[in-house]
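**Q** Can you keep this structure in mind? I'll have questions shortly.
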DNA sequence: TGTTAGCACTCATATTCATCGAGTGCTAAC
DNA sequence: GTTAGCACTCGATGAATATGAGTGCTAACA
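Residue numbers (the working numbering), protein chains in the order written: chain G, 1 to 352; chain E, 1 to 352.
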């Protein structure tokens, strides 16, 4: 069976109506409210065909039709109109996101809030993954008699540090030397590759007198690397799901919260997605807990290098057109906010 | 009217029953299940008195009695039995909380998770406020030609830093000098008092040649101080409220999520509470959004100095005895986990 | 051959009504 | 002061019924 022009028109009308009403769509309503150019009876026949083809389902015999994941997919790919964001909303978004690059975390958390507010869904944002980032600088600084601070700077100037309580007394010169050796050794290496490094033997081989110190530093070093690799996940707008008919069923609401509560799993899921604005619908998401939800994510970049994600999660019946547009516009603004003001550097990722 | 022995007994029975059943308690049920030593009719009379005194209410004429906030308060203060935590649960808690002081954030977030799981309520934890903490060390390190890192260490060895993109070229000597002057000037000052400091004029007065540099550093300095003063709020167990009868009403659930979603307000509310295990019931909480909830918070200390809070939030009908015990035990363990292993320092706060 | 009107049938939802029972408050007797 | 007895209240439960949007099928039509 073919997807004729008319079938597409009907499908589009059904998806569009259902997205706004959350009510199964019947043939008569459709013929009245849309200019299909066919009677209710004809539409009924077409609907029956569409159901056979897997685009529609039937909650029960005497109810109207409801789009399947497959229908939403078709809708998103080719049926939906492009949503045009009103100028005043654009302006509001832009104004909210003016920021300094040093406050990445706050800006991001703010962007997530904004997204929840704009879409009236649950939104999230993850800080950029540092995995592939290169180490740039390692320094261990004496602070007082028994404290030093280990500081690791990545190529993108993200800094992470840990205070170290020194067991034995130490001398500043050794620390300085150790810092130099460490920087020399590991500068340029990807941060995630550092977990596999055995700094104790490396130092032992190269600068045996520093061995003891290296041993003492090692756990903190490892720790700091791990912390650098961690990303944060911000979630906002959980309360919004209560205004969505799909979640008036307590069980559904609970499942939703349960799923969102598993931050680790959610973070991984989000990070593993492709770049750009990506829509996944119901079953396409994989995990059982997301069978009735859709995810829309987008990628933002910091200074053209670090890459993070943000997006929304909601029922499969979602205002796809509007939301993809908003997310896209939001990330464009984030990219701009996260671009270095001037003093660029020896890298790609400059396009304006 | 007096709270006779019998009235107290009845009140205790009602609160105890209601906490577990969530159903209004009637006189007959009470006389059957508890050894009050009076008939249902007598109990009825007493209940009527208790209602008049404000300890009980009536959802409707023909329903049993429900405790008021005032009753819960009396119950918490003097009626409830002390809950004894089973040894095996104690062991489980202790094992979960072994930690290193360097990973305060992770341990805390973990403690919050654990608390949600143990209480089957919504839990939260805030990182310690740094307001009163003293500055110990300021350093601005050259990283490469156009980047430096500003690092501020507090007396308790919490470190915060920001990468600074230098506008003009700078020389390492000046940075070092500036660091020294800054440290000398501000060492020992409370972090929150630093927001009022005008480092530009201070430097101008003391070391005029560094003025230009100070100007360049200033925004980052301010920023870093602000970041140090920020606390994080972890929330867990949001999904738990769906198993609580009080929140099967969608509206209540939404209000709850709304309230928890206002993280700033919630953080402030938590931080402003007194030390120790504190219970506030319904209207005692202040804000309208918490009129039907109770909060239990406790204080943990890091190395006897920094002080943070954690706790749970749930319906006023809460297992107060069990939960206060669990929170108390948990914070004791946290205190232990956050105590420095050895090499103590020149300070108070050592008690074991 | 595709389209349409007509009609019987389905089934979730809303409404009404009676019943049930836990609980109260009051009275009168102990 | 305590208790038994009793009328009364009122939410909850459940059966019976009506409603109506919607379907699928058939037969007529262009």
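For every residue, glycine included, the Cβ atom is placed at its ideal position computed from N, Cα and C.
(1) Pull up the distance between the alpha-carbon of residue 11 of chain G and that of residue 63 of chain G, whole angstroms please.
(2) Give a yes or no on whether the minimum CB-CB distance between residue 234 of chain G and chain E is below 8 angstroms.
(3) Going along the chain, which residues of the segment 237-257 of chain G sit with their C-beta nearer than 7 angstroms to a C-beta in chain E?
(4) Could you tell me the alpha carbon to alpha carbon distance between residue 306 of chain G and residue 155 of chain G, rounded to whole angstroms?
(5) What residue does the alpha helix (DSSP H) around residue 18 of chain E start on, and which one ends it?
(6) With 16 other CB atoms within 10 Å as the buried threshold, where does residue 128 of chain G fall?
(7) Could you name the residues of chain G that residue 434 of chain E contacts, counting a contact when the two beta carbons are closer than 8 angstroms?
(8) Report the neighbours of residue 139 of chain E on chain G: residues whose CB is nearer than 8 angstroms to its CB, in chain order.
(9) Is the Cβ-Cβ distance between residue 214 of chain G and residue 178 of chain G less than 8 angstroms?
(10) Given that a residue counts as buried once 16 or more other Cβ atoms are within 10 Å of its Cβ, and exposed if not, what is residue 239 of chain E?
(11) Along the chain, where does the beta strand (DSSP E) that runs through residue 2 of chain G open and close?
(12) Only counting runs of 4 or more residues, tell me where the alpha helix (DSSP H) segments fall wholly within the segment 234-305 of chain G, in order along the chain.
(13) By the 8 angstroms beta-carbon criterion, what residues does the segment 150-163 of chain G contribute toward chain E?
(14) Whole-angstrom Cβ separation of residue 38 of chain E and residue 28 of chain E, contact assumed at under 8 angstroms?
(15) Around the Cβ of residue 110 of chain G, are there at least 16 other Cβ atoms within 10 angstroms (buried) or fewer (exposed)?
(16) Name, in chain order, the residues that DSSP records as bridge partners for residue 131 of chain E.
(17) Counting along the chain, where does the beta strand (DSSP E) carrying residue 123 of chain G start and finish?
(18) Starting from the Cα of residue 19 of chain G, find the closest Cα among G:233, G:164, G:72, G:106 and give me that residue.
(19) Let's test the definition: count the other Cβ atoms within 10 Å of the Cβ of residue 216 of chain E and tell me whether it reaches 16, buried, or not, exposed.
(20) How about residue 136 of chain E: is its C-beta nearer than 8 angstroms to some C-beta of chain G?
(21) Look up residue 148 of chain G in the DSSP assignment and give the residues it is bridged to.
(22) Going along chain G, which residues have a C-beta under 8 angstroms from residue 283 of chain E?
(23) Of the residues that make up the segment 107-120 of chain G, which ones have a beta carbon closer than 8 angstroms to any beta carbon in chain E?
(24) Reducing DSSP to helix, strand and coil, say where residue 57 of chain G ends up.
(25) Does the CB of residue 103 of chain G have a neighbour CB from chain E at under 8 angstroms?
(26) Which residues in chain E have a C-beta closer than 7 angstroms to the C-beta of residue 147 of chain G? List them in chain order.
(27) Is the CB-CB distance between residue 97 of chain G and residue 303 of chain G below 8 angstroms?
(28) Taking three-plus beta-carbon pairs below 8 angstroms as touching, is the segment 250-270 of chain E in contact with the segment 280-295 of chain G?
(29) Using a Cβ-Cβ distance cut-off of 8 angstroms, determine whether residue 261 of chain G contacts chain E.
(30) If you draw a straight line from the alpha carbon of residue 77 of chain E to that of residue 104 of chain G, how long is it in whole angstroms?
(31) Leaving out five residues on either side along the sequence, give the residues of the same chain with a beta carbon under 7 angstroms from the beta carbon of residue 326 of chain G.
(32) By how many angstroms is the C-alpha of residue 219 of chain G removed from the C-alpha of residue 113 of chain G?
(33) Please classify residue 309 of chain G as buried or exposed, where buried requires at least 16 other C-beta atoms within 10 Å of its C-beta.
(34) When the cut-off is 8 angstroms and only beta carbons count, does residue 77 of chain E lie next to chain G?
(35) When you compare each of E:45, E:48, E:15, E:160 to residue 34 of chain E by their alpha carbons, which one comes out closest?
(36) Just how far apart, CA to CA, sit residue 171 of chain E and residue 148 of chain E?
**A** Let me spell this out:
(1) Going from the Cα of residue 11 of chain G to the Cα of residue 63 of chain G covers about 16 angstroms.
(2) no
(3) Those residues of the segment 237-257 of chain G that come within reach of chain E (Cβ to Cβ, closer than 7 angstroms) are 238, 239, 242, 248, 250, 253, 254, 257.
(4) Residue 155 of chain G has its alpha-carbon roughly 10 angstroms from the corresponding atom of residue 306 of chain G.
(5) 5-21
(6) Per the 10 Å Cβ criterion, buried.
(7) Residue 434 of chain E is absent from the model: chain E starts at 1 and stops at 352.
(8) 141
(9) yes
(10) buried
(11) Residue 2 of chain G -> no beta strand (DSSP E), and no H or E assigned at all.
(12) 250-261, 263-271
(13) Cβ contacts with chain E come from 151, 153, 157, 158, 159, 161, 162, 163.
(14) That pair is no contact at about 12 angstroms.
(15) buried
(16) None; residue 131 of chain E has no bridge partner.
(17) 122-126
(18) It is G:72.
(19) Taking all protein chains in view, the Cβ of residue 216 of chain E is crowded by 16 or more other Cβ atoms within 10 Å, so the residue is classified as buried.
(20) Yes, residue 136 of chain E lies at the interface with chain G (some Cβ there is under 8 angstroms from its Cβ).
(21) G:142, G:164
(22) The premise fails here: residue 283 of chain E is roughly 23 angstroms from chain G at the closest Cβ pair, so nothing lies under 8 angstroms.
(23) none
(24) strand
(25) yes
(26) 157
(27) no
(28) no
(29) Yes, its Cβ sits closer than 8 angstroms to a Cβ of chain E.
(30) In this structure, the CA atom of residue 77 of chain E is about 46 angstroms from the CA atom of residue 104 of chain G.
(31) 85, 118, 119
(32) Between the C-alpha atoms of residue 113 of chain G and residue 219 of chain G there is a straight-line separation of about 36 angstroms.
(33) buried
(34) No - not a single Cβ of chain G is within 8 angstroms of the one on residue 77 of chain E.
(35) Ranking E:45, E:48, E:15, E:160 by CA distance to the CA of residue 34 of chain E puts E:15 first.
(36) 11 angstroms
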